[in-house]
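Visitor:
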Amino acid sequence: MCAAVNNLYCVGRNYKQHAEELGNQVPVEPLIFMKPSHAAVSLDKAIIELPKDAGQVHYEGELVLRIARDYVLGITVEELVDVMALGLDFTLRDVHNDLQKKGLPWTAAKGFKNAAPLTPYIAFPDKEELEGTDFTVLKNGVEVQRGNVKNMIFSLQKIVDFIAARYGLGKDDIIFTGTPAGVGPTVTGDSFELYWGDKLMGTCLIG
Numbered sequence: 020m021c022a023a024v025n026n027l028y029c030v031g032r033n034y035k036q037h038a039e040e041l042g043n044q045v046p047v048e049p050l051i052f053m054k055p056s057h058a059a060v061s062l063d064k065a066i067i068e069l070p071k072d073a074g075q076v077h078y079e080g081e082l083v084l085r086i087a088r089d090y091v092l093g094i095t096v097e098e099l100v101d102v103m104a105l106g107l108d109f110t111l112r113d114v115h116n117d118l119q120k121k122g123l124p125w126t127a128a129k130g131f132k133n134a135a136p137l138t139p140y141i142a143f144p145d146k147e148e149l150e151g152t153d154f155t156v157l158k159n160g161v162e163v164q165r166g167n168v169k170n171m172i173f174s175l176q177k178i179v180d181f182i183a184a185r186y187g188l189g190k191d192d193i194i195f196t197g198t199p200a201g202v203g204p205t206v207t208g209d210s211f212e213l214y215w216g217d218k219l220m221g222t223c224l225i226g
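Counting from 20, one number per residue, gives the positions in the sequence shown under the numbering used here.
1. Per DSSP, which one or two residues make a beta bridge with Glu-150?
2. Along the chain, which unbroken stretches of the beta strand (DSSP E) at least 3 residues long are found entirely within the region 21-51?
3. Taking the continuous beta strand (DSSP E) assigned at Thr-205, which residues delimit it?
4. For the region 83-118, list the alpha helix (DSSP H) runs that are entirely contained and at least 4 residues long, ordered along the chain.
5. Given a threshold of 16 other Cβ atoms within 10 Å of its Cβ, counted over all protein chains shown, does Leu-123 qualify as buried or as exposed?
6. Helix, strand or coil for Ala-73 per DSSP?
7. Flag this pair as touching only if the region 114-130 and the region 91-103 have three or more C-beta atom pairs under 8 Å; answer yes or no.
8. Between Leu-69 and Ala-104, how many whole angstroms is the CB-CB distance? I'm expecting something under 8 Å.
9. Considering Cα atoms alone, identify which of Leu-224, Gly-42, Val-83 and Arg-88 is closest to Lys-158.
10. Would a C-beta distance cut-off of 7 Å place Ile-193 and Val-45 closer than the cut-off?
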């Protein structure tokens with residue numbers, strides 16, 4: 020079971036190389052979208068069922084924040100966040116591309132059941148550990164993504180301030196903070212391992 024989730028915010032195109040690999044413009048302010056809270060499931064030795072009749076499904080590995088208290092103006096991200104996880108933002112890529120061309124919302128491509136699996140949480144690290152630790156995604160035993168907060172276009176502080184000012188931010192909200200380069204398709208039988216540094220955070224098998 021996944022811990023209780025209130026609002027589930029996601030940041031799009033927060034790594035320059037990822038925006039470029041998909042042929043998208045690099046944003047000048049955080050690009051925020053949402054997933055239904057029902058999309059959140061456990062990524063802990065899990066079997067994840069994904070749609071099989073909607074074209075390609077892509078994985079996007081991300082650092083995920085959990086908000087511990089209601090946001091107040093001037094609060095730091097260290098005061099606001101108690102724990103973090105790693106997650107996979109599963110995306111129906113063909114559907115997503117079509118929605119973008121039509122200027123339509125992304126929910127159909129991003130909000131399906133099981134679209135936001137999360138590893139177990141760990142304590143939110145200090146700035147030195149955050150910037151000194153990479154997170155990685157292994158698909159079928161091969162590293163496909165590597166990210167670090169230092170390479171984000173928008174800092175974690177900028178992200179929480181932006182979301183709070185426009186949409187509100189409170190206890191048990193979670194934020195997928197963006198994916199680095201290396202996204203790609205996944206099919207039934209693929210396995211994923213998510214690491215924070217050398218620590219294995221969670222695994223799943225695509226069913």
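Don't be surprised by glycine CBs; every beta carbon is placed ideally from N, CA and C.
Guide: Checking against the coordinates, here is how it stands:
1. DSSP, once it has assigned bridges, lists no residue as partnering Glu-150.
2. 27-31
3. 203-205
4. 96-99
5. exposed
6. coil
7. no
8. Going by Cβ atoms, the distance from Leu-69 to Ala-104 rounds to 19 Å, so no, they are not a contact pair.
9. Leu-224
10. no
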